[in-house]
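A short write-up of the structure that comes next.
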Amino acid sequence: MSDRVARLAELRRQRNGQPSDDVKASSGNSAVPEIGHQSIGSATETLSAPHDGTQEPQHETSDDAMEEDNGYNSDLKRDIAPLLAKAERKTDAALNRLILKRYQETQQQAAQAQEIRNTPLKLILTNRIGIRCLSTPVEPKEKANSIVDALPGNNLISKTGILATSAAAAVYGISNELVVLHDETILVVTFSTFVALCAKFVAPLYTEWADGEIKKVNDLLNESKNKHVSAVKGRIDSVSQLKEVVNTTKSLFDISRETAKLEAETFELKQKLAVAHEAKATLDSWVRFEQQQRQLEQEQLLKSVLDKVNKEVENPKFQDKVLAEAVAEVEKVFAKA
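Pasting the structure below:
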């Protein structure tokens, strides 16, 4: 097909007066995709459009050349149309496969999500059914009585009448198309059944779980309350032990005041004692000084007296007088003897 298109293009260029080397350079695999991506009209316009200024003027084109050109264009359209149709079919098939693949993936994900959501209910139903199988089988009579007792009414006649009336109303509604069964009805019935099963099987488990959680929370609150009460009591006891702190503080204040007073008196006595010691030391120094002065005066007096006595003794008159007095006393002594 590409060879035919290249040949037609070469004939077109030769008719317009262009060399065939450019046609060989442009003919190849790249011509087919370029034509395939264009519409039939655009391909026709591309082939019929002039390429450069070397082509012959339009008024010089003969009727045979016009007819040949139209024949080439019709052949080109006829050859390109199957390719375009095939490309469109392949594109539609690929698009359909992609859409189908995406739809299958979406359905698979939805099925997985539904399976995950239904897993707890399946487990619950399995457990319930297992427990029911292990229990004692119910007799058909008792089961029938339980079904009859579940019907509204006070006696068997009223229950039978209510059941018959309900069945007749359902048949009448369905026959007269008052009650239409379609997809939405099945969906509502299925949803109602699912809700009833959940209310029957899941509600007790949820109630048990909720009671356990409530009990757990109550236990935590009670434990916290008891701990708080114990802490408050301990604080009250510790504070009650300090109830005599005021009297103790007053006593300590009195003792500290007396201690300060005694310390002040002690300091005063120490100061007085220090002054007394200093005064005594001063007086002792004065006494020693006076003793030294008296001793010095006595020595001077003794020296002066001795000098005076020695001077008087050396006086002849005094010697004579003393001698006379001594002789007189001796005579008196001898006279008395």
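Heads up: the sequence shown begins at 1 in UniProt numbering, then just goes up one per residue.
Glycine is no exception: its CB is placed at the ideal position from the N, C-alpha and C atoms.
Test item: CB-CB of residue 318 and residue 312 under 7 Å = Contact flag set, yes.
task = Note down the Cα distance separating residue 255 from residue 242, rounded to an integer number of angstroms.
result = Cα to Cα, residue 255 sits roughly 20 Å from residue 242.
ask   = Does the ligand FAD have a heavy atom nearer than 6 Å to the CB of residue 275?
value = No copy of the ligand FAD appears in this structure; indeed no ligand is present at all.
request  = Can you tell me which of the three DSSP states residue 243 falls into?
outcome  = In the structure shown, residue 243 falls within a coil segment according to DSSP collapsed to helix, strand and coil.
query = From residue 186 to residue 109, what does the alpha carbon distance come to, in whole angstroms?
reply = So the two alpha carbons sit approximately 24 Å from each other.
query = alpha helix (DSSP H) containing residue 184: first to last residue?
reply = Per DSSP, residue 184 belongs to the alpha helix (DSSP H) from 183-197.
ask   = Among residues of its own chain, excluding the 5 on either side of residue 88, which ones have a beta-carbon nearer than 6 Å to its beta-carbon?
value = By the criterion of a C-beta distance shorter than 6 Å, residue 88 is surrounded by no residue of its chain, once the five residues flanking it on both sides are discounted.
inquiry  = If I follow the unbroken alpha helix (DSSP H) through residue 159, where does it start and stop?
reply    = Under the DSSP assignment, residue 159 falls in the alpha helix (DSSP H) whose first and last residues are 156-175.
ask   = Can you name the start and end residues of the alpha helix (DSSP H) that residue 336 belongs to?
value = For residue 336, the enclosing alpha helix (DSSP H) covers residues 316-336.
With 16 other Cβ atoms within 10 Å as the buried cut-off, status of residue 162 = It is exposed - the Cβ of residue 162 has fewer than 16 other Cβ atoms within 10 Å.
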